[in-house]
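Peer 1: Our numbering puts the sequence shown at residues 8 to 240.
Note that beta-carbon positions come from the ideal geometry of N, C-alpha and C, so glycine has one too.
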Amino acid sequence: MNVLVLTGAGISAESGIPTFRGADGLWEGHRVEQVASPQGFDADPVLVHRFYNLRRRKLQDPSIQPNAAHVALADFERGHQSGDFLLVTQNIDNLHQRAGSKRVLPMHGELMKVRCIDTGELFDWTDDLSLETPHPADPDNAKLRGRLRPHVVWFGEVPLGLESIERAARKADVFLAIGTSGLVYPAAGIVSQTPVHCRRIEINLDDTPASGAFDETIRGRASEEVPRVLASL
Ligand code: OAD
Numbered sequence: 008m009n010v011l012v013l014t015g016a017g018i019s020a021e022s023g024i025p026t027f028r029g030a031d032g033l034w035e036g037h038r039v040e041q042v043a044s045p046q047g048f049d050a051d052p053v054l055v056h057r058f059y060n061l062r063r064r065k066l067q068d069p070s071i072q073p074n075a076a077h078v079a080l081a082d083f084e085r086g087h088q089s090g091d092f093l094l095v096t097q098n099i100d101n102l103h104q105r106a107g108s109k110r111v112l113p114m115h116g117e118l119m120k121v122r123c124i125d126t127g128e129l130f131d132w133t134d135d136l137s138l139e140t141p142h143p144a145d146p147d148n149a150k151l152r153g154r155l156r157p158h159v160v161w162f163g164e165v166p167l168g169l170e171s172i173e174r175a176a177r178k179a180d181v182f183l184a185i186g187t188s189g190l191v192y193p194a195a196g197i198v199s200q201t202p203v204h205c206r207r208i209e210i211n212l213d214d215t216p217a218s219g220a221f222d223e224t225i226r227g228r229a230s231e232e233v234p235r236v237l238a239s240l
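(1) Is His-37 near the ligand OAD, going by C-beta to nearest heavy atom under 7 angstroms?
(2) Does the distance from the CB of Thr-140 to the CB of Met-114 come in under 8 angstroms?
(3) Rounded C-beta distance between Gly-186 and Gly-17? I'm assuming under 8 angstroms.
(4) Report the residue ranges of all alpha helix (DSSP H) runs contained in full by the stretch 62–112; include only those spanning at least 4 residues, in chain order.
(5) Could you give the first and the last residue of the continuous alpha helix (DSSP H) run that contains Phe-27?
(6) Would you say the beta carbon of Glu-21 is closer than 7 angstroms to some non-hydrogen atom of the ligand OAD?
(7) Report the three-state DSSP secondary structure of Gly-186 (helix, strand or coil).
(8) Name, in chain order, the residues that DSSP records as bridge partners for Asp-131.
(9) Once you ignore the five residues that flank Gly-163 on each side, which residues in its own chain have a CB closer than 8 angstroms to its CB?
(10) Please go through the same chain and pick out, in chain order, the residues whose beta-carbon is closer than 7 angstroms to the beta-carbon of Asp-100, but skip the five residues on each side of it.
(11) For Ala-76, which of Glu-84, Ile-124 and Gly-168 has the nearest alpha-carbon?
(12) Would the beta-carbon of Ala-106 be found less than 7 angstroms away from any heavy atom of the ligand OAD?
(13) Look up His-158 in the DSSP assignment and give the residues it is bridged to.
(14) To the nearest angstrom, report how far apart His-56 and Arg-156 are at their CA atoms.
(15) Give me the residue from Cys-205, Val-165, Val-236 and Leu-190 with the minimum Cα distance to Ala-175.
(16) In chain order, what residues of the same chain have a beta carbon less than 7 angstroms from the beta carbon of Asn-148, not counting five sequence neighbours either side?
(17) Are there 16 or more other CB atoms within 10 angstroms of the CB of Leu-136, so buried, or fewer, so exposed?
(18) For Pro-216, I'd like the list of residues in its chain whose CB is within less than 7 angstroms of its CB, leaving aside the five on either flank, ordered along the chain.
(19) Is it the case that the Cβ atoms of His-103 and Leu-129 are separated by a distance below 8 angstroms?
(20) I'd like to confirm the pairing. Which residues does DSSP put opposite Glu-209 in its beta bridges?
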């Protein structure tokens, strides 16, 4: 049984990270283009750095921990011997990895990594970023200061790992979409790449525009429904 899982902001909501489109949405009053597009970064890099610095700090707050849904996915992967498993997440938090998941593909990037604008080189990152941040590869080189950006996929940029995702979708026997609004492509289109025989399950608090593409739609909190559904597979 090949299992493909797609998670969105809803799986981390119960860990204390607001979703994007909820009332207290993560964009925090900014227009999406201001803080999540290459044009926004060019126009006001200080604002964009501040936005992601706050989120990076919050993610490291001891109160933010994986919840029962993250843990159940990691446990399931550990025990899954009979076929492939891939966990595709749109989340840039690291809660799946911290829960112990191994085969995680963060298609929208990772908050705890930064990338050199010039070379694309990645660095693990826990601190703030600014226009003065020295380049870890050459800290004394003044010309390289401020050449790092969040390793986050912005609108207009291509998500990561699309070929691997499509390959996993084409051979999935079970596809589980958890806590995602089904509004942002290409993630929202993964369900339509799964084969006819695939069992497609959506777990969400509410109906989504993608619900009609699923065989089973389960309404409830991820922390309760994910462990239950995984135990039944
Ligand atoms: P959204 O904020 O769009 O949607 C979150 C979904 O989770 C909603 O459908 C909620 O009903 C559901 N939800 C909330 N709490 C839940 C809970 N406790 N249990 C189950 N479901 C719950 O977040 P995403 O779908 O992840 O992209 O958003 C997709 C992408 O849009 C993000 O990755 C981000 C954003 O623009 C980029 O930044 C590139």
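Peer 2: If we stick to the structure as given:
(1) Position 30 of the sequence shown, counted from the first residue, corresponds to residue 37. No, since every heavy atom of the ligand OAD falls outside the 7 angstroms radius drawn around the Cβ of His-37.
(2) Indexing the sequence shown from 1 puts residue 140 at position 133. Indexing the sequence shown from 1 puts residue 114 at position 107. In this structure, Met-114 does not lie closer than 8 angstroms to Thr-140 by Cβ.
(3) Mapped onto the sequence shown, residue 186 falls at position 179. Mapped onto the sequence shown, residue 17 falls at position 10. The pair is a contact, with the Cβ atoms about 2 angstroms apart (cut-off 8 angstroms).
(4) 75–86 and 102–106
(5) One-based indexing of the sequence shown puts residue 27 at position 20. Phe-27 -> no alpha helix (DSSP H), and no H or E assigned at all.
(6) As a working note, residue 21 is residue 14 in the sequence shown. Under cutoff, so the answer is yes.
(7) Here residue 186 refers to the residue found at position 179 of the sequence shown. Coil.
(8) Translated into the one-based positions of the sequence shown, residue 131 becomes position 124. Paired residue(s): Lys-120.
(9) Stepping through the sequence shown from its first residue, residue 163 is reached at position 156. Here the set comprises Ser-44, Pro-45 and Gln-46.
(10) One-based indexing of the sequence shown puts residue 100 at position 93. Ser-19, Ile-24, Leu-66 and Leu-118.
(11) As a first step, residue 76 must be located in the sequence shown, where it is residue number 69. When C-alpha distances from Ala-76 are compared across Glu-84, Ile-124 and Gly-168, the shortest belongs to Glu-84.
(12) Looking up residue 106 in the sequence shown gives position 99. Checking every heavy atom of the ligand OAD against the Cβ of Ala-106, none is found closer than 7 angstroms.
(13) Working through the sequence shown from its first residue, we reach residue 158 at position 151. Partner(s): Glu-117.
(14) Mapped onto the sequence shown, residue 56 falls at position 49. Mapped onto the sequence shown, residue 156 falls at position 149. A direct Cα-to-Cα measurement between His-56 and Arg-156 gives close to 8 angstroms.
(15) For the purposes of this step, residue 175 is taken as the residue at position 168 of the sequence shown. Measuring from the Cα of Ala-175, the nearest candidate turns out to be Cys-205.
(16) Here residue 148 corresponds to residue number 141 of the sequence shown, with the count starting at 1. So the list reads His-142, once near-sequence residues are dropped.
(17) What you label residue 136 is simply residue 129 of the sequence shown in a count that begins at 1. By the 10 Å Cβ count, Leu-136 comes out buried.
(18) Stepping through the sequence shown from its first residue, residue 216 is reached at position 209. The answer, listed in chain order, is Gly-189 and Leu-190.
(19) Start at 1 with the first residue of the sequence shown, and residue 103 comes out as number 96. Start at 1 with the first residue of the sequence shown, and residue 129 comes out as number 122. Contact flag unset, no.
(20) Mapped onto the sequence shown, residue 209 falls at position 202. Beta-bridge pairing links Glu-209 to Ala-184 and Thr-224.
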